[in-house]
Amino acid sequence: MISYAGKRAIKDERDERRLFDQRAWTGFIIIVLLMLALLSRYVWLQIYAYDNFSTRSESNRVAVRPIAPNRGIIYDRRGRVIAENQPAYRLEVTLENIPGKMEGLETLLDELNALIGLDEDDRKAFHKARRNYRIFDSVPLKFNLSETEVARFAVNRHSFQGADVVPYLARSYPYGQLLTHVLGYTGRLDAQDIKSVDGGNYRGTRTIGKIGVEKYHEEELHGISGLERVETNVRGRVLKVLERQDAVPGTDLVLSIDVAVQRAAWDALGDRPGSVVAIDPVDGSLIALVSKPAYDPNAFVHGISQDAYQAILNAPGRPLFNRALRGGYEPGSTLKPFVGLAGLELDLVTPQTRVFSNGKFYIEGYSRPYRDWKDTGHGWVDIQSALEQSVNTYFYQLAMDMGIDRMHDYLSLFGFGEATGIDIPGEGKGLLPSRQWKKATQDQPWYPGETVIAGIGQGFNVVTPLQLANAVAALVNGGTLYTPRLLYATKPAGGKRAERLSAPVKRQIPVRDSGDWQTILDGMDRVVNGVRGTARVVAVDAKFRTAGKTGTAQVYQLGVDKEYNEDEVAEHLRDHALFIAFAPVENPRIAIAVVVEHGGAGSRAAAPVARATLDAWLEQEVGSEARP
7 MISYAGKRAI KDERDERRLF DQRAWTGFII IVLLMLALLS RYVWLQIYAY
57 DNFSTRSESN RVAVRPIAPN RGIIYDRRGR VIAENQPAYR LEVTLENIPG
107 KMEGLETLLD ELNALIGLDE DDRKAFHKAR RNYRIFDSVP LKFNLSETEV
157 ARFAVNRHSF QGADVVPYLA RSYPYGQLLT HVLGYTGRLD AQDIKSVDGG
207 NYRGTRTIGK IGVEKYHEEE LHGISGLERV ETNVRGRVLK VLERQDAVPG
257 TDLVLSIDVA VQRAAWDALG DRPGSVVAID PVDGSLIALV SKPAYDPNAF
307 VHGISQDAYQ AILNAPGRPL FNRALRGGYE PGSTLKPFVG LAGLELDLVT
357 PQTRVFSNGK FYIEGYSRPY RDWKDTGHGW VDIQSALEQS VNTYFYQLAM
407 DMGIDRMHDY LSLFGFGEAT GIDIPGEGKG LLPSRQWKKA TQDQPWYPGE
457 TVIAGIGQGF NVVTPLQLAN AVAALVNGGT LYTPRLLYAT KPAGGKRAER
507 LSAPVKRQIP VRDSGDWQTI LDGMDRVVNG VRGTARVVAV DAKFRTAGKT
557 GTAQVYQLGV DKEYNEDEVA EHLRDHALFI AFAPVENPRI AIAVVVEHGG
607 AGSRAAAPVA RATLDAWLEQ EVGSEARP
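Numbering-wise (this note's numbering), the sequence shown opens with residue 7 and increments by one.
Structural data, given as structure tokens:
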């Protein structure tokens, strides 16, 4: 370029053209590179990342929802529905669908509270539960919405993104507290429950069996979850169902419990705490299992408030405590038939062996007397009259002759000191003492006086009502000790034909001489039907011949030479009343154990309860034949 002083510069066209060409080529190359980058990105998206992004795209409009199976129905042995499902609605929240996620959650909850009302327990339960769910899972916020609440939410649903009302089937117990300690109840899934179940099968399930049959047979009752693929809009609202795999309903269960007999036992107990257990000795099935007081299981189905739970927990009589399975009582004189049988089978006595009862028994070398309930004694008695009149001194002597170890070994054959294995969780074992047990647990020797009182079911002896009833059943059926079962039959949901199940045999008790067994049964017959029987009240106007044995369990120990006077003792310190029985004597169809807490004498408090229960069963099973 040539310049002249004071003159404007003249352009060099060649230089300008070269510069333009460079810039043009540079731009072209950049454009080509960008096009190649876009093309490669397009290829990567369409080929290599197609599956990933198509899935993500699809998930924006398609959702997979679990379908909870219908829980199995539970019936009693006569086909009465005792646990069913009722339609209900719950409010659920999905965190992923809430604008702002966690930031918007509390705002949403406040707005829902203003609309339908949420108590503090609902919010606490929700926050606790959501820790166990993924961000895209729906978490229940409130169960059992009223029709008004459902309608109010439906009108305003557009304002509550992330929340929805879902229909479901809720558990219902039409007989309320009558069967609580049999059935148990269902309740909300908690963190512990989630760890113990198949997460995939429980994705759509919000409740689970907590105790009782509902818990023990959870696997059969629950069923198998299904799923459906649905098309949704941007707010998560379902537009249409694309695909559906139906859930498999849970199995219906038939229990051996007879509601009518259960009701008769419940009513007969009146206001007294206690328990009644009745078993069919033929097959080991449970006819009645009553623990009183109880509580309404329906209160737990949708979640119970802390205040309501505390009210049940602190209620008089401990309604949450299952006395039939876990109640531990001295068997008292109800143990005498088994001790007597042990004496016969071990050749320590014969049916003709007689013992003189003067009202007191002394251990050789000791001055302290062990008293009979009758101060003057009963005179000469054999084993049957000793059972009929409940003669303590006869069994004091027999216990000393037998020794605690042989007594322990024989009584253990009838299931004392071990769980029966019933299909309900939480059963107690009771206690059958022995020399070895005391040394291991207390590091003390066994004393002769402890053997004496063990012979009449006192001291360390502890039984549950279920153990006692099961032992009676084995006594009257000739030595077959069953593992008692509540589950009587199963059937597919909606099916007509039930598959009958049998209670397994736990053990066959050896029978050395069947005549020994009959001797004991005849002695129990005399308890009810004998002239001097302690339970003659049971035989009054009875349609069926019954045999049994009364018993009392001490609540506190009397001092030496002190006499028990029920009228002078506070009610909570009075003896427990016990009674065991079977009927009809000729062909036993029911064995029963009754405990009435603080009832006093077994003949007065427990025997009438047994009579009402026996009648309710036998009138259905045997008919109203006249008593022989």
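Note that the Cβ used here is the ideal one computed from N, Cα and C, for glycine as well. Owing to the predicted nature of the structure, the values given are computational and were not obtained by experimental measurement.
### Cβ-Cβ distance between G290 and T496 below 8 Å
Within the sequence shown, residue 290 is the residue found at index 284, counting from 1. Within the sequence shown, residue 496 is the residue found at index 490, counting from 1. Against a cut-off of 8 Å, the Cβ pair of T496 and G290 comes out as no contact.
### P322 burial status per 10 Å Cβ neighbour count (16 or more: buried)
As a working note, residue 322 is residue 316 in the sequence shown. Result: exposed.
### Query
Does the pairing of the stretch 354-362 with the stretch 468-476 give three or more beta-carbon distances under 8 Å?
no
### Task
Starting from the C-beta of P303, find all residues in its chain whose C-beta is less than 6 Å away, skip the five residues before and the five after it, and write them out in chain order.
Looking up residue 303 in the sequence shown gives position 297. So the qualifying residues of the chain are Y179, T186 and Y191.
### Task
Report all residues from its chain with a CB closer than 6 Å to the CB of G346; omit the five preceding and five following residues, and keep chain order.
One-based indexing of the sequence shown puts residue 346 at position 340. Once the five neighbours on either side are set aside, the close Cβ partners of G346 are I389 and I526.
### Message
By alpha-carbon positions, which one of L295, E627, Y494 and I596 ends up nearest to L259?
### Response
Translated into positions along the sequence shown, residue 259 becomes position 253. It is Y494.
### Coil, strand or helix - W386 by DSSP
The count along the sequence shown starts at 1 and reaches residue 386 at position 380. DSSP places W386 in strand when its eight states are reduced to three.
#### Entry: Whole-angstrom C-beta distance between R532 and A589, which should lie under 8 Å
What you label residue 589 is simply residue 583 of the sequence shown in a count that begins at 1. What you label residue 532 is simply residue 526 of the sequence shown in a count that begins at 1. Actually they are not in contact, since the Cβ atoms of A589 and R532 sit about 15 Å apart, beyond 8 Å.
### Query
Between I214 and D204, is the Cβ-Cβ spacing less than 8 Å?
Looking up residue 214 in the sequence shown gives position 208. Looking up residue 204 in the sequence shown gives position 198. Not a contact, by the Cβ cut-off of 8 Å.
### 4 or more residues per run - each alpha helix (DSSP H) lying fully within the stretch 241-297
265-275
### Validate contact between the stretch 274-290 and the stretch 584-601 using beta carbons, cut 8 Å, 3 pairs
yes
### Whole-Å CB distance - G557 paired with G338, under 8 Å assumed
Your numbering for residue 557 matches position 551 in the sequence shown. Your numbering for residue 338 matches position 332 in the sequence shown. Right, the Cβ-Cβ distance comes to about 4 Å (below 8 Å), so this counts as a contact.
### Query
If you draw a straight line from the alpha carbon of D378 to that of G536, how long is it in whole angstroms?
Counted from its first residue, the sequence shown places residue 378 at position 372. Counted from its first residue, the sequence shown places residue 536 at position 530. Spanning the two alpha carbons is a distance of roughly 20 Å.
### Message
Can you tell me whether A612 is helix, strand or coil according to DSSP?
### Response
For this step, residue 612 is matched to residue 606 along the sequence shown. In this structure, A612 counts as coil in the three-state DSSP scheme.
### Query
Are the beta-carbon atoms belonging to G280 and E603 less than 8 Å from one another?
To locate residue 280, count along the sequence shown from 1; it is residue 274. To locate residue 603, count along the sequence shown from 1; it is residue 597. In this structure, E603 lies closer than 8 Å to G280 by Cβ.
### Query
Can you tell me the Cα-Cα spacing of F159 and A305, whole angstroms?
Looking up residue 159 in the sequence shown gives position 153. Looking up residue 305 in the sequence shown gives position 299. For F159 and A305, the distance between alpha carbons rounds to 24 Å.
### Query
Are R583 and A545 touching if we call contact CB-CB under 8 Å?
As a position in the sequence shown, residue 583 is number 577, starting the count at 1. As a position in the sequence shown, residue 545 is number 539, starting the count at 1. The question names Arg, yet the displayed sequence has Ala at residue 583. Not a contact, by the Cβ cut-off of 8 Å.
### Task
My understanding is that I293 touches W623, with C-beta atoms under 8 Å, so please give their C-beta distance in whole angstroms.
Residue numbering aside, residue 293 sits at position 287 when the sequence shown is read from its first letter. Residue numbering aside, residue 623 sits at position 617 when the sequence shown is read from its first letter. 6 Å between Cβ atoms; contact.
### Message
Quick check: the stretch 411-427 against the stretch 389-403, are at least 3 beta-carbon pairs closer than 8 Å?
### Response
no
### Task
Determine which residues share a DSSP beta bridge with S363 and list them.
In the sequence shown, counting from the first residue as 1, residue 363 sits at position 357. DSSP lists G385 as partners of S363.
### Query
So, L147 versus E117, is the Cβ gap smaller than 8 Å?
By one-based count along the sequence shown, residue 147 stands at place 141. By one-based count along the sequence shown, residue 117 stands at place 111. The answer is no: Cβ separation not under 8 Å.
### Task
Report, in whole angstroms, the separation of the C-beta atoms of G371 and G383, which I expect to be a contact under 8 Å.
Working through the sequence shown from its first residue, we reach residue 371 at position 365. Working through the sequence shown from its first residue, we reach residue 383 at position 377. Incorrect: roughly 22 Å between the Cβ atoms, too far for contact.
### Query
Are the stretch 217-226 and the stretch 428-447 in contact at 8 Å, needing three or more beta carbon pairs?
yes
### Task
State buried or exposed for I263, treating a residue as buried only when at least 16 other CB atoms are found within 10 Å of its CB.
The residue labelled residue 263 in the question sits at position 257 within the sequence shown. Buried.
### Query
Hey, Y416 and L352: beta-carbon distance below 8 Å or not?
Taking the sequence shown and counting its residues from 1, one reaches residue 416 at position 410. Taking the sequence shown and counting its residues from 1, one reaches residue 352 at position 346. It is a contact, given that the beta carbons lie within the stated cut-off.
#### Entry: Straight-line gap, V171 to N162 (C-alpha atoms, nearest Å)
Here residue 171 corresponds to residue number 165 of the sequence shown, with the count starting at 1. Here residue 162 corresponds to residue number 156 of the sequence shown, with the count starting at 1. The alpha-carbon atoms of V171 and N162 are separated by roughly 12 Å.
### Query
Do A266 and T619 have their C-beta atoms closer together than 8 Å?
As a position in the sequence shown, residue 266 is number 260, starting the count at 1. As a position in the sequence shown, residue 619 is number 613, starting the count at 1. It is not a contact, given that the beta carbons lie outside the stated cut-off.
#### Entry: Own chain residues within Cβ distance below 6 Å of V591, not counting five before or after
Against the sequence shown, residue 591 aligns to sequence position 585. Excluding sequence neighbours, V591 sits near D531, R551 and A553.
### Query
Tell me which same chain residues have a C-beta within less than 8 Å of the C-beta of D252, skipping the five on either side of it?
Sequence index remark: in the sequence shown, residue 252 carries index 246 (1-based). These residues qualify, in order along the chain: I73 and G232.
### Message
Among the candidates G182, E153 and M406, whose CA atom is the shortest distance from the CA of Y453?
### Response
Counting from 1 along the sequence shown, the entry for residue 453 is found at position 447. For the residues G182, E153 and M406, the minimum Cα distance to Y453 belongs to M406.
#### Entry: Span separating the alpha-carbon of T154 from that of A169
Taking the first residue of the sequence shown as 1, we reach residue 154 at position 148. Taking the first residue of the sequence shown as 1, we reach residue 169 at position 163. Spanning the two alpha carbons is a distance of roughly 17 Å.
### Message
So, with DSSP's three-state summary, where would you put G565?
### Response
Here residue 565 is taken as the residue at index 559 of the sequence shown, counted from 1. For G565, the predicted structure reports a pLDDT of 48, less than 50, and the residue's modelled location is therefore unreliable. A value from the coordinates is still provided. Here G565 sits in coil by DSSP.
### Query
According to DSSP, is I37 helix, strand or coil?
Reading the sequence shown from its first residue, position 31 is the one you call residue 37. Helix, per DSSP.
### Task
Give the range of the beta strand (DSSP E) segment to which P93 is assigned.
For this step, residue 93 is matched to residue 87 along the sequence shown. Run containing P93: V87 to T100, per the beta strand (DSSP E) assignment.
### Query
Between L101 and F142, what straight-line distance do the alpha-carbon atoms span, to the nearest angstrom?
To locate residue 101, count along the sequence shown from 1; it is residue 95. To locate residue 142, count along the sequence shown from 1; it is residue 136. Near 6 Å, if we compare the C-alpha coordinates of F142 and L101.
### Task
Could you tell me the distance, in whole angstroms, from the CA atom of L44 to the CA atom of I36?
Against the sequence shown, residue 44 aligns to sequence position 38. Against the sequence shown, residue 36 aligns to sequence position 30. Their backbone Cα atoms lie some 12 Å apart in a straight line.
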